[in-house]
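Have a look at the structure below before the remarks.
What follows is the structure, encoded as structure tokens:
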């Protein structure tokens, strides 16, 4: 039996559903999964490149990467980033093999999740909170889907400027003072910050600013029903959840690792049972 040896690197990731998702897909095609969770919140010291070098030396097939290491993963991949993804500056899947390759299955997964769940919903003007690793996947995907403007707010101005430079003329950097008006005038709201995760409650979008928009997306999926999405749902917005993205991302990560594309209808249905409360 073929074996897939991989894992997940991230901070505060004990609630992840990735090992269970990969186990379901591996079982369907007769692959044995050997998965290790690498939660840096529980480590005294961690240096990304040195650690990944160690995984490669141990014969791992690859590793999935989440917050806050996606930009470090792209730097590690270097010229090994898949050509169509090089401009993103973020990777969430490193496949080792004979040649190191960096993928961004957040990007491809978001495109697929949007087309599956949101159908013909116009993207329009987007207010985007966060300019880190996941934003580097979501923002370009939204541009590809037809966003007319992406208004970027991040507490680190350097991150916002870097993301805007990658998006191009449809990006606008928003100051803290401009953020409320940016939200009110948007068609869609996107949370690409850790706010809402189990260890970091809160929201980047004040509830009294939500209601004039048409749709929202939260990259957080543990829990799925974040304060932000609950506020949006209560105000009548159409919702795309982080778990919707997770399912599509997981399928594409599995394909990157194994070269096998799982049956979408069967797999999406099977993965639904993993939805966090």
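In my numbering, the protein residues as written are 162 to 438.
We treat Cβ as the ideally placed atom computed from N, Cα and C, and that holds for glycine.
Separation of residue j from residue i, as counted between CA atoms
| i | j | result |
| --- | --- | --- |
| residue 260 | residue 222 | 11 Å |
| residue 313 | residue 381 | 18 Å |
| residue 194 | residue 433 | 20 Å |
| residue 339 | residue 188 | 50 Å |
| residue 219 | residue 293 | 30 Å |
| residue 346 | residue 373 | 8 Å |
| residue 265 | residue 246 | 7 Å |
| residue 287 | residue 164 | 42 Å |
| residue 263 | residue 184 | 22 Å |
| residue 308 | residue 376 | 13 Å |
| residue 365 | residue 391 | 13 Å |
| residue 205 | residue 325 | 34 Å |
| residue 412 | residue 319 | 33 Å |
| residue 336 | residue 342 | 10 Å |
| residue 334 | residue 284 | 18 Å |
| residue 276 | residue 408 | 13 Å |
| residue 302 | residue 191 | 33 Å |
| residue 186 | residue 310 | 37 Å |
| residue 429 | residue 241 | 29 Å |
| residue 214 | residue 238 | 11 Å |
| residue 212 | residue 180 | 20 Å |
| residue 132 | residue 258 | The structure shown does not extend to residue 132, since the chain spans only 162 to 438, so no value can be given for it. |
| residue 431 | residue 410 | 14 Å |
| residue 396 | residue 360 | 25 Å |
| residue 350 | residue 394 | 12 Å |
| residue 166 | residue 417 | 13 Å |
| residue 415 | residue 244 | 19 Å |
| residue 256 | residue 224 | 7 Å |
| residue 230 | residue 291 | 15 Å |
Counted within 10 angstroms of its Cβ, other Cβ atoms place residue i as buried (16 or more) or exposed
| i | result |
| --- | --- |
| residue 329 | exposed |
| residue 281 | exposed |
| residue 421 | exposed |
| residue 162 | exposed |
| residue 305 | exposed |
| residue 208 | exposed |
| residue 424 | exposed |
| residue 370 | buried |
| residue 289 | buried |
| residue 383 | buried |
| residue 210 | exposed |
| residue 419 | buried |
| residue 177 | buried |
| residue 321 | buried |
| residue 317 | exposed |
Element boundaries [alpha helix (DSSP H), containing residue i]
| i | result |
| --- | --- |
| residue 407 | 403-419 |
| residue 428 | 425-432 |
| residue 395 | 388-395 |
| residue 184 | 179-190 |
Residue span of the beta strand (DSSP E) that contains residue i, given as start and end
| i | result |
| --- | --- |
| residue 166 | 163-171 |
| residue 289 | 286-290 |
Contact test: residue i Cβ vs the ligand FAD heavy atom, cutoff 7 Å
| i | result |
| --- | --- |
| residue 245 | This structure lacks the ligand FAD, and indeed carries no ligand of any kind. |
Residue-chain proximity (residue i, chain B), Cβ-Cβ < 8 Å
| i | result |
| --- | --- |
| residue 383 | Absence of chain B from the displayed structure is noted, only one protein chain being present. |
*Which runs of the alpha helix (DSSP H), 4 residues or longer, sit entirely within the segment 300-385?*
DSSP runs (the alpha helix (DSSP H)) wholly in the segment 300-385: 318-328 and 340-345.
*What are the complete beta strand (DSSP E) segments, minimum 3 residues, inside the segment 200-241?*
Considered as a whole, the segment 200-241 harbours 223-226 as its complete beta strand (DSSP E) runs of no fewer than 3 residues, in chain order.
*asked:* Which complete beta strand (DSSP E) runs does the segment 248-283 hold, if anything under 3 residues is left out?
replied: Along the length of the segment 248-283, whole beta strand (DSSP E) runs at least 3 residues long occupy 254-256 and 262-264, reported in chain order.
*Could you say if the segment 401-421 and the segment 382-393 meet the contact criterion of at least three C-beta pairs nearer than 8 Å?*
Flag = yes, the segment 401-421 and the segment 382-393 touch.
*So, do the segment 246-261 and the segment 221-235 have three or more beta carbon pairs nearer to each other than 8 Å?*
As far as the Cβ criterion goes, the segment 246-261 touches the segment 221-235, which means the pair count is three or higher.
*On the three-pair Cβ rule with 8 Å, is the segment 266-273 touching the segment 287-302?*
Between the segment 266-273 and the segment 287-302, the count of C-beta pairs closer than 8 Å reaches three or more; the two stretches touch.
*Evaluate contact between the segment 162-174 and the segment 194-204, counting only Cβ atoms and requiring at least three cross-stretch pairs below 8 Å.*
They touch, by the three-pair rule.
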